Every structure is written in structure tokens, then in C-alpha cells.
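Engineer: For the sequence shown, our numbering assigns the number 9 to the initial residue and increments by one for each residue that follows.
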Amino acid sequence: MLESWATESHVNTRWKLPYALAKCLKGALLSPILPRLFLILFTYLQPVFIGVAIKFVNGTSDNILGGNSGLRLLLFATILYMGIAVSAAIYQSQINRLRVMVRGALIGLIHHQSLHLTHDKSQSSSALTLITSDIDSIESVGETFHETWARLVEVVTGTALLASHIRWFSLLPLVIIFGCSRMSAYVAKHLENRQKDWNEATQSRIAATTSTLEGIKSLKIMGMEDAVQSQILHLRSIEIQTSKRSRWIIAAYNASANALGILAPVLTLILFAMSSKGDRLQADQIFTSLALLAMVTHPANMVMTLIPRAISVMSNFDRIQNYISQPSIQDKREYSTNGSIQRLATVQEVTIQPVSMANPILLDVSQPLDRGEILICAGAVGSGKTTLAMAILGEVSPTKGSISVSSKEIAYCAQAPWLPSVTIREAISGRLVDLDIEWYNTVIEACGLVADFDSFVGGDMALIENNGMNLSGGQKQQAPKALARAVYSKYKMLVLDDPFSALDPAVTNHIVQRLLSPRGLFRKMGTTVFLISNSKELFPIANRVLLLQNSSLHLQVQPHPQDTKASVVVSALPDKPFSSPPRHDTPKIAAPIRKLHLNDAVDEISRRTGDLAIYGYYINAIGRVNAFLLIACTAGFAFGSTFSQYVLKWATESAPESLAFYLSLYAAVSSIAWAATSGTTWCAQMKVAVKSGDVLHADLLDRILKAPLSYFTETDLGATLNRFGQDINVVDKQLPPTLANFYTQIFKMAMQLILLLKIRPVMAVTVPVCAVCVYFIQQIYLRTSRQLRFLELESRSLVFTNFLDTASGIVTIRAFGWKDKFENENVKSLDLSQKPFYILLCLQCWLKMIMDCIIAIFAVILIAFTVLYRNTTTGADLGVALNLLIVANTTLLRLVQSWTSLETSLGSIARLKSVQDCVPSEDDIGGTLDPELQWPSSGNLLVNDVSVAYSESVAPSLSNLSLTVNPGQNIIVVGRTGSGKSTFMLSLLQLLRPGKGSILIDDVNIGHLSPRTVRKRGFIAVPQDGFSIPTASLRFNLDPYHTSSDQDILWSLQRTGLWDKIHATTSLSATKEANMNIDVRSLLDLPMSSFLPFSSGQLQLFALSRTLLRIRSTAPHKPVIILDEASSSLDSETESILTDMLRHDLQGHTIVMIAHRVAGLTGAMRPGVDAIATMQDGKLLTVPLMEKSV
């Protein structure tokens, strides 16, 4: 597919992707043609057969069948109906192969493109939407193509056969078809754009949901669940309202198409009867013509039905084509091995200035990087340090200048950790099959990971869940990503973006000595290190230190222990023997061990038969009124479409003078059928789909956001997103028409059975016999199909997870040269997901063939009865009976097929219901009391003998911890990585429930309150990891509850120094009008994605701006403020902003700060009032008050 797309991608046409797909799958695309032609042949022999059978009963068939006419008729029936069964089965099997190949080719192409987009575009959630709703629509494009040409052939064939019976009246359906085609023109004009709007609305919702689930820990820490839930529900409401515009067109178009199928035969037969000049209608002529009319109008109806599907598919093709046609990242680095072997990289007069910015990020920067050199890059937040690192990695192209490297494989450690969903060992080793265990042990010891591995039940085989949510911030930096993986790679050059920001001094000292010191591994291996850090304590170990200021290289020094130039070097690292960081008996964390991702599917395999509770759950979501309306419409259609044939029987047997009455009755009954089926489509699209989609999505979102943090550490993110993507897509698009079809077949079956009993009771015996056969067949089918559907839905989460890992870690993947590796991983995941999908399609094909064979058997039995009892029936009776018997048994089989399709689709409902039944809610775990409106009034925090464990099977992570923080007091909590600081914070916020003890704020036990109330009213927390929803506005990300004015928001951004950055990077600043007069409101309403990506330090400043607004909006209340490593990514100059905020803006609030870097924060601490608390092994050691000497 990649080769086919490469040859067509340069063509400027919207058809290039469909053409490339057809070119790639040419053999599979052509293979269904021959069996489809045979299916047409056998299908159009049916009316011929019916005419011959009626003439046989009337005794006029000897001229046609000759001698042994009964035996020949029986042989004719056998060949005809078995031919239909076999040719249909072969055709469907070829279509299924094509369907699977289309799905695999397009998903692979989308993933390939995601590996080559710029990191900001790759990290968007558009690819996730494409591989769900868009691929689900496109995968049946092969069937749409073949059905279109086949139906056109059937229309021509049927018209020719019809002309032999009713002469020029055969052209009347074509005239009606032409009239109905005007509706097709309207659909073609309006549906595509509306479908695009619907897909884009779905993409916006999925993008917001993805951002929410990826940052769920930070979201819960901040207590923003209610606001984000409202935002996503708002996006869902927009999606549903947008979908209505498409649904209206689909409903109107189906009404037009159904008018063709139902009313065209009525009009044709009435005009033909009127032209008969009072002659009596002949049964063989009428019923054969009726069958032929159905074979003209039905394929024409199907073609008209396929038109909106084809238009929708083209809209999906356009979205995928637009995605894969985006410019790939251009690595403009020069690769040369001709220069000095000592020079690994050269930055030569590089200027980087994005189009949307008036000023460059980097201006005329030049710097060589030699072999074995350690170079530290320092500078204020937003000075361009990360941009320079991205340029060295080839992620950012210079506007001017050049960058040359000796190898494009560079080990990279981003400041925001990237943790793929694998075990820690696999993350460090890069999933290599042949693990160098000796080197691996050296690496984990050098990176200080031995103690961390001991804290996990599974050691280094613990599974990383949801980007390391089950690991603390420091562990995220060390083990799976930042250092160990880079060191293990043995690459000649490393780019480290502030990897020590979240580590405590003892661990940092250990790693620096093991890796960066004169006797460290990097020096021994001659590794070149480009290290971004503002930690002055590290400067002495560098060969050179670069200081970026105002976009330029402001200073470059070669530090020496006694050098004080520009105050760069403060002190040297202590020269003492290598020693590991202190080892303590750290409580073990119950991190999950390597496990299979399909656990949900395995649990569901025990469900052998349908669960009535699932039906009830879905009906409740639909609404009882809507369910009744759908039943009434389908019942009306069943009555009209079935009873009309019995009316025709009366017309053929009546006197000529009564003909007008029966034809009028026939028209009236058919009109009822048309109105009812149009109402069915309207009800399914506008009522059932809208109501159920709204209710089920809201219930799912509410339950997921109320789930405790432990749920997200134990559940794969891809599986959760699959609920919001694939399952909701089934609810929106597949279930409503499937349910309507199921109801329709039930009532049609009942009506046809009644008429069959009335006309020829003995023939009705075949229906119960058929029902018994079908019962045993469906027992076999359902036992397998539901399991396969569960497995197929769950296996898609593997593909989701792979796409999420690729998007979040694209820079690291490209830096390490792992694009091919991740492409192969995607192929493996896709292959696993295709297996149950293809087997399910094969099973459905098997069911259809068995059903067709049963129809064939009963048709032959009917003909056998007719041959044996030739003189006991009339041609009219046989015509109606033959039509009704075949139709009744066909309806029974279609009823089973629709039931099995419904059962299969209800797998999504079962999965959604399992979330409601199995996922715990914080509301069930926490209290229910509501605090007084003025709570908290002072912010007095009392922690009394608290013990916390991650699970009952492991030792407590906090043991008998007691702490008192007085109103307005500031306290800094320090301790090495894994000492319990994060656990302490999570227990304060009720994200971990204490197993013992109590936590009180202003004498209110927060354990008795709802956890959401605690986080929203009792605390204002700033998490270590920045959180934002790129698709949401800047205003929402700062003020999610809409309590602040534009001026307040502007003040908060100016207070943290972010306003100039935001103003400078928005696309509005590129216009003259914006430069002259910036509309603050318009700027605040722009989505976050409109601005250049924030650095880690800027994200922390952004979180502080949000905190300032929360403080203003909650005044005069005094919630406790929690700052989790709020300055870890800030330089000393920017850190002064936080210090000043602590002195002035946050004054009067109780503040709990969790930090590794204490020096910058002590300037805001008040001697004799504020305190520093030291934690070790889950216990609080000391809480001394600040002294003047600190």
C-alpha cells in the first residue's frame, strides 16, 4: 500500500487515495465479480421459475417443460435455489477478504504517516478518530462498489424481463426511478459537507477525551472533573446536533428510495390493470410481474441507498487523504562521516523563527559538539533551550543556518516522560529480543533503579500503565525513559532535557557520579551529552556551559571549580567514592505485572447466551416512548408490505367490476407500508440514535471520571478510549438501524405466517420446522459470534494503545531510529485485531449460507407438494403461497440474522454496561456529607495517625503519619524519590483513601465528604505534570468554571510572565489588525492548539496562573494550596515569580509544597512560622520550623 500511495500521492485529485487502494488490492477487488454475476443469473431466474410453476398448476406448462414436467420443475427448483446459496456464499467470502484487506491497508498507512508528521501534528488525536469512525465506514467500500454495478445490471435485466409481461408499462418504474434520482442530486450536494462536519465534531470529542484520560491524574489532583465533564458533554452535544443535519438527509432520502420500492409496483400494476379494458387479471401474469417489479425496484432502491453511503465514504476518504497528505517532517540536518571523527554534531549560525512569530526563538546560534564532551545548556524559561535540542534531533528545521551530525540516531530523554505500555525492562531495553543482562544490570545500578525496582511487587517486570501513572514522577524520569533507556542504547550522543528536575539530591548525586563524573560511564564510553539544566551544581562537570538569553547565545564558558565567571559555577560536586543512594525498606507498590490486554474479552467469553439485562439497559437508554414509537412504525410496515400481496390475490379472483376497489385498497395498504417504513427510518435516526447516544455516552463519561485513581493504573488507556470511540460509534451508527430491522422482521414474520395459514395451512408447517432448524443453528452461531465480537472489540484496544504510544513518544521514537520497530509493532497489533474480525465475518457468511440452503430445501419441498397435489390448488393460490412461503422462510432467516447482528452489536452495550457494573465510583467509596458554605474559612490542616496502602496485599506506603499545619502556614515536604511524598499528597486529596487515621480541614473530617467536594473546595492543587486540553480554549484551560473576567485572566497571565509568550505566538499576531489592536476576548477564545507548544517550565507557569484565578474565585474561603514540584522546571530567575507569589498572592493560605529543590523556595519562608517536613519510608521524620540561617 505504501508503494501504491507513493506513486499516486503527487496527483492533485481527491480520487488518488481510492485509486491507490484499488491499485494495491486489484486482485481482491476483481475476485467478487464472477460469483456476483452468477448470483444475478440465479436471482433473475426466480420470476421465470414462478411463472413456469403457476403454468404447471394451471396445466399449461407442457409446452415449456415437455415430458416429465413435474420432475423437471423439481430439478429446476433445486439447481436455482442451491445456486443462489453457493454463489452468494462465494461472493460474500470474497467481499469479506476485501473488507479486511482495506481495513489493514488504511490503518497501516495512517500509522506510517503518524510516524512522519511533525511532533505537534502527530500528537493530535485525529488519527484515533480516523481508525475508528472513518475506517469503519470505509472498510465496506468494496461491497459498495460491487453492489452498485451489480444492482445496475439487475435493473436493466429486470426491466427487460418485465417488458415481456407488461409491455411498455415496464418503463414506468424507470420514470419513477428518474424522479427519485432528483433526491439523489440533493443528497450529493449537501450530505458530504454535513458528514465532514459530523466527523470533525466526533474528532473534537475524541481529542478532548484523549487529553482528559492521558492527564487524568493531574485532572483529579486539580479537582477539575466537573468542569472537564461539562466540556466533553458540550462537545458531545455539538456532535449530536451536527449529526442530526446528516440524519435528516438520510431519513428523507430513505423515504424517497422506499417510495420507489413500494409505490412504483403499485402505480405500474394499477395502470396495467386499467389498460386491460375490463379483462380479468391473470394470476401468473400479475405475480410474475410483481416478482419482476421487485427485481427492478429493489436494486434501484439499493442503488439509491448506496448513494449516500458512497458520498459518506468519499468524505471519509477525504479526511484520511488530507491526513496522509500532510507534509512529512523534513530532517534538514546534514549527515556526514567525512569530517573529523571527534566532531559528532555542528550547529552553524542557526536561526529558528516560526511563521506565526514576529521574533525568532533562536538567533544566529553556533556550537560544535565533540566526541566525549558534556555540554550544559542553561537559560530562562522560554529562552529556546528545548528548541535547540529539537533542532539537533532534526525535529525543528532552521530558518537559516545548518546542522550537521555524524549519526542520526541520538538517544533522547524528554522532560515530559514518555512511557510506552510495556514492562519497565522492555522500556529500558527498547524491546530487544536479546537482552544484554550484564550491561542492563550496570545501567539500572548507575541510574539508581535497584531500590525503585525493589519497591514494585514485579520488579522490572512491572507493567507501565497509562504513561506511567502508577509510578511517581521521579521514577518516570529514571527507569523507563529518560536515563536508563538512553544509557542502555550505547549511542554516541545523548540529548537530555532537564532529566533531574523531579529527582531528590541524593539520587541526582548518585546518577551524576555514575554517568557524568570524570569516572562515569559517559566519560568511559566517550559519549557526547547535550544536557539542558539550570542546576548550577551540575555546571562543574561540563566541558562547556551555554547560556541562552533573548534567543541568542549570551555566554559560553568552560567551568572550573574555582571559576566564578558570570556566577555560573557555584560549587563543585563532592569528590567521594562512588556510593549508592541510601537503601531503605521501602513499602512495595502493587504495580501490575506483565499481562494480556484482552482480559476484558476473556471475562466475557463466559457469557454464552444473551443477557436480558443488556436489552433492558439499552431500551432504558432509548426511552420507552421512543421504543414504542419504533415498534409501532415497524408493525405498520410489516402489515402494509405483507397484506398487500393478499389484496392482489383478491384482485385476481374478483370480477372485473370489483377490480377498482381492490386496486384502491392495494394502493392504500402500500401507502401505509411506505409511511410506516419512512417513520421507522426517522425514528431510528432522529430518536433512537440521538437519545441512546446521548445517554450512554453521558453515563460512560460520568462513571469513568468518577472512577478511583487505582482504576486508571490498572486499566489500559487504549481499552478505555475504545469505549469512547468504537463502542459509542456502534451506538450512534450501527445499533439503531439493526434494532429497527430486528423489529421489522419480527412483525413481518408474524404477518406472513398468518397469511400463509389462511391461504394454505399445510404449507405453514414448514415454518415451525424451519424455526426448529434455525434455533439449533443460531445456538451454535451465537455461542461463537458474541465471543468473537467481544474479542474483536477488545483487540482493537491494542491498536489504540500502539497509536497512543506512537503519538506521545514520536520524538523519542525518531531520535532512537525506532520508526520501523514501531511500524512492525503496529502490524502485529493490527494482525491480532484482524483475526477475530475476519473470523466473525466468516462465521456470518457461514450462517447466511446455511440459511440460504434451508430456504432452498423448503422451496424444493413446496414444489414437490405442488407436483404431488397438482389438482388441489389454483395458480393464484400457488403464486401467493410460493411468494409467501419463500418470503416467510426468508423473513424467518433474516429475523435470525438481524437478531444475531443485534446480539453481536449489543457487545458494545454489554461493554458499556460492564463499566457501570464493574468500575467502582468514588461516590461509593467516599462520604456523602456536604460541608457548610463558608468551609474552609481558615485552612487549618490536621493529619492524625494516617496509614495508606495501595492495596491490601502490600505494606502501607504511609505509616502512622501525623502532621499539623496551622492556618496561613507554609510547609515544604522533602524526601528521596519513593519516600512517600506523592502518596501523602494523594491521600490529602482523597485519591488514596487512608486505611487508618483521619484528615481534617477546619475541624471537618474530609473522609466524610465526597472526594470531588474535597478536591474542588478543600484544596487548590498544582500537579507536577502540566495539564491542558489542546482542543479547548485558552480561557477554559485557565478558568474551567468560567468565574473570572477577561481582565482577571489577562492579569494572571501577566503575573506569571506568560502573556508576552501567548501574544507573540498566536497566529493573530501575524496580521496587521492584530498587531495594532489585539482583541483579548478573541485571543482567550482561541484553542490551545493555536499557540506554539509550551515548554515544561511554561506549563508550570500556566498552572500557577490557573491557581491565581482559583484563589480569586474562591475568596474569602481559604482552601489549602498544594504545590507538587511547582518549580522543578523553572530556572532561578523564573522561580522568583513563584517566590513572589508565595509572599503576596498566596499569603494567608495554608500551603503544602512537595519539592526536591528547596533552596529557591526558602526565600518565601518565614522564620519561626513556616516549616520543612522530611519523609522517609512513608514516615514523617522531623518538622522543624524555619530558622533565620536557612
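In this text, a Cβ means the ideal position worked out from N, Cα and C, and glycines have one as well. Nothing here was measured: the structure is a model prediction, and the numbers come from that model.
1. Can the beta-carbon of S320 be found less than 8 Å from the beta-carbon of S541?
2. Is S412 helix, strand or coil by DSSP?
3. For H1164, is the classification buried or exposed, using 16 other Cβ atoms within 10 angstroms of its Cβ as the cut-off for buried?
4. How would you call C926, buried or exposed, if buried means at least 16 neighbouring beta carbons within 10 angstroms?
5. Compare the C-alpha of L1138 against each of E665, A388, P1192 and name the closest.
6. Report the rounded CA-to-CA distance for R1114 versus V1012, giving the unit in angstroms.
7. Taking all protein chains shown into account, do 16 or more other C-beta atoms lie within 10 angstroms of the C-beta of Y343, making it buried, or fewer, making it exposed?
8. Under 8 Å Cβ to Cβ from M1183, same chain only, skipping five residues before and after it: list those, please.
9. Have a look at T165, I549, L502 and flag the residue whose alpha-carbon is nearest the alpha-carbon of L301.
10. From C853 to V183, what distance separates their C-alpha atoms?
11. Can you tell me whether V633 is buried or exposed, with buried defined as 16 or more other CB within 10 angstroms of its CB?
12. Quick one: Cα of I328 to Cα of S1090, how far?
13. Under the three-state reduction of DSSP, which class applies to V1177: helix, strand or coil?
14. Are the Cβ atoms of L806 and G915 separated by less than 8 Å?
15. Using only alpha-carbon positions, find the residue among N266, I98, R351 that is nearest to N309.
16. Give the secondary structure of Q237 by DSSP, where H, G and I count as helix, E and B as strand, and everything else as coil.
17. Three-state secondary structure (DSSP) at L1017?
18. Would DSSP call R439 helix, strand or coil?
19. Which residue marks the beginning of the alpha helix (DSSP H) containing S686, and which one marks its end?
20. Would a C-beta distance cut-off of 8 Å place A422 and I411 closer than the cut-off?
21. Between V404 and R341, which are expected to be in contact by the criterion C-beta below 8 Å, what is the C-beta distance as a whole number of angstroms?
22. Determine whether the beta carbon atoms of T688 and L638 lie at a separation below 8 Å.
23. Does W907 pass the burial test, meaning 16 or more other C-beta atoms within 10 Å, or should it be called exposed?
24. Could you spell out where the beta strand (DSSP E) holding R111 opens and where it closes?
25. Taking contact to mean at least 3 C-beta pairs separated by less than 8 Å, is the stretch 227-236 in contact with the stretch 1022-1036?
26. For the alpha helix (DSSP H) that T354 lies in, which residues bound it at each end?
27. Rounded to the nearest angstrom, what separates M109 and L33 at their Cα positions?
28. Quick one: what's K1187 bridged to in DSSP?
29. Tell me whether the stretch 749-758 and the stretch 642-651 touch, counting them as touching only if at least three CB pairs, one residue from each stretch, are closer than 8 Å.
30. Measure the CB-CB distance between A30 and W13 and report whether it falls below 8 Å.
31. Can you list, in chain order, the residues of its chain whose CB lies under 7 Å from that of S148, leaving out five sequence neighbours each side?
32. Give, in chain order, every unbroken run of the beta strand (DSSP E) that is at least 3 residues long and sits entirely within the stretch 1105-1182.
33. Span of the alpha helix (DSSP H) holding N501?
34. Tell me the residue span of the beta strand (DSSP E) that contains V956.
35. Three-state secondary structure (DSSP) at V782?
36. List, from N- to C-terminal side, the beta strand (DSSP E) runs of 3 residues or more that fit wholly inside the stretch 195-283.
Structural biologist: Taking the definition as stated:
1. No, they are not a contact pair.
2. Strand.
3. The residue in question, H1164, is buried, as its Cβ has 16 or more Cβ neighbours within 10 Å.
4. Label assigned to C926: exposed.
5. Distances from the alpha-carbon of L1138 to those of E665, A388, P1192 put A388 closest.
6. Each residue's CA atom was taken as its position, placing R1114 and V1012 some 26 Å apart.
7. Under a 10 Å Cβ-count criterion, Y343 is classified as exposed, with fewer than 16 other Cβ atoms of the shown protein chains found around its own Cβ.
8. Counting only Cβ-Cβ distances below 8 Å, and skipping sequence neighbours, we find V981, V982, G983, S987, G988, K989, F992, L1189.
9. If we check each option's Cα against that of L301, T165 comes out closest.
10. Cα to Cα, the separation comes out at about 36 Å.
11. Looking at its Cβ environment, which holds fewer than 16 other Cβ atoms inside 10 Å, V633 is exposed.
12. Their Cα atoms are separated by approximately 31 Å.
13. In this structure, V1177 counts as coil in the three-state DSSP scheme.
14. Going by C-beta atoms, L806 is not nearer than 8 Å to G915.
15. Checking every option, the nearest Cα to that of N309 belongs to N266.
16. It is helical.
17. Of the three classes helix, strand and coil, the one that applies to L1017 here is strand, per DSSP.
18. Correct three-state label for R439: coil.
19. Going by DSSP, S686 is part of the alpha helix (DSSP H) stretching over 667-690.
20. The Cβ atoms of A422 and I411 do not sit closer than 8 Å to each other.
21. The pair is not a contact, with the Cβ atoms about 10 Å apart (cut-off 8 Å).
22. T688 is a Cβ neighbour of L638, given a cutoff of 8 Å.
23. Result: buried.
24. Where R111 is concerned, there is no enclosing beta strand (DSSP E), although the alpha helix (DSSP H) it sits in stretches over 77-122.
25. Because the criterion of three Cβ pairs below 8 Å is met, the stretch 227-236 and the stretch 1022-1036 touch.
26. That residue, T354, is in no alpha helix (DSSP H); its beta strand (DSSP E) goes 351-360.
27. Whole-angstrom Cα-Cα distance: 8 Å.
28. K1187 pairs with Q1184.
29. Between the stretch 749-758 and the stretch 642-651 there are three or more C-beta pairs closer than 8 Å, enough to call the two in contact.
30. Contact flag unset, no.
31. Result list for S148: R107, in chain order.
32. With a minimum length of 3 residues, the continuous beta strand (DSSP E) runs that stay inside the stretch 1105-1182 are 1128-1132, 1159-1162.
33. Reading off the sequence shown, one finds Met at residue 501, where the question assumed Asn. No alpha helix (DSSP H) contains M501, which is instead part of the beta strand (DSSP E) from 501-505.
34. It spans 949-956 - the beta strand (DSSP E) in which V956 sits, taken as one unbroken run.
35. Helix, per DSSP.
36. With a minimum length of 3 residues, no continuous beta strand (DSSP E) run stays inside the stretch 195-283.
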